[in-house]
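Residue numbers (the working numbering): 13 to 129.
Note that CB positions come from ideal geometry on N, CA and C, so glycine has one too.
Just so you know, these numbers come straight off a predicted model, no measurement behind them.
Report on the structure given below.
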């Protein structure tokens with residue numbers, strides 16, 4: 013049951029992030045290009061996405077790690093399910109966090125230029 017809920021939440025996050033791009037939001041390319049700027053802003057303490065970045069780094073480490081919670085060699089298709097859920101969650105998280113970061117950059121630039129209202 014908990015695995016199904018996580019899987020549904022991961023797919024929902026990915027779907028929301030993808031569909032947000034269609035409604036005038038930043039493109040996937042713009043979001044990916046924002047990742048290095050986002051990391052730099054987090055490291056400098058300017059942007060508050062540190063927790064999200066750590067979770068995304070952990071998910072990436074899990075995917076590239078030779079250690080697997082559900083080994084593919086033993087359970088074939090079922091063993092790939094945990095990886096699929098992590099990939100889906102990671103993609104949705106990157107898309108949504110970079111959208112939030114791009115919006116933060118725009119707001120910050122408006123304040124610095126003096127157009128905040």
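**Study point:** Stretch-stretch touch, CB-based, cutoff 8 Å, three pairs: the region 104 to 111 with the region 72 to 81
**Key:** As far as the Cβ criterion goes, the region 104 to 111 does not touch the region 72 to 81, which means the pair count is below three.
Point to revise | Cα-Cα separation between residue 61 and residue 50, rounded to whole angstroms | key: 8 Å
Check your understanding: residue 47 to residue 77, Cα distance in whole Å?
Key -> 22 Å
Review point. Among 79, 65, 98, 115, which residue has its Cα nearest to the Cα of residue 36?
Key: For the residues 79, 65, 98, 115, the minimum Cα distance to residue 36 belongs to 115.
**Study point:** Cβ-based neighbour list, residue 105, same chain, cut-off 6 Å, excluding 5 preceding and 5 following
**Key:** 68
Review point. Once you ignore the five residues that flank residue 102 on each side, which residues in its own chain have a CB closer than 7 Å to its CB?
Key: 68, 71, 72
Point to revise | Where the alpha helix (DSSP H) containing residue 41 begins and where it ends | key: Taken as a continuous stretch (DSSP letters only), the alpha helix (DSSP H) holding residue 41 covers 40 to 55.
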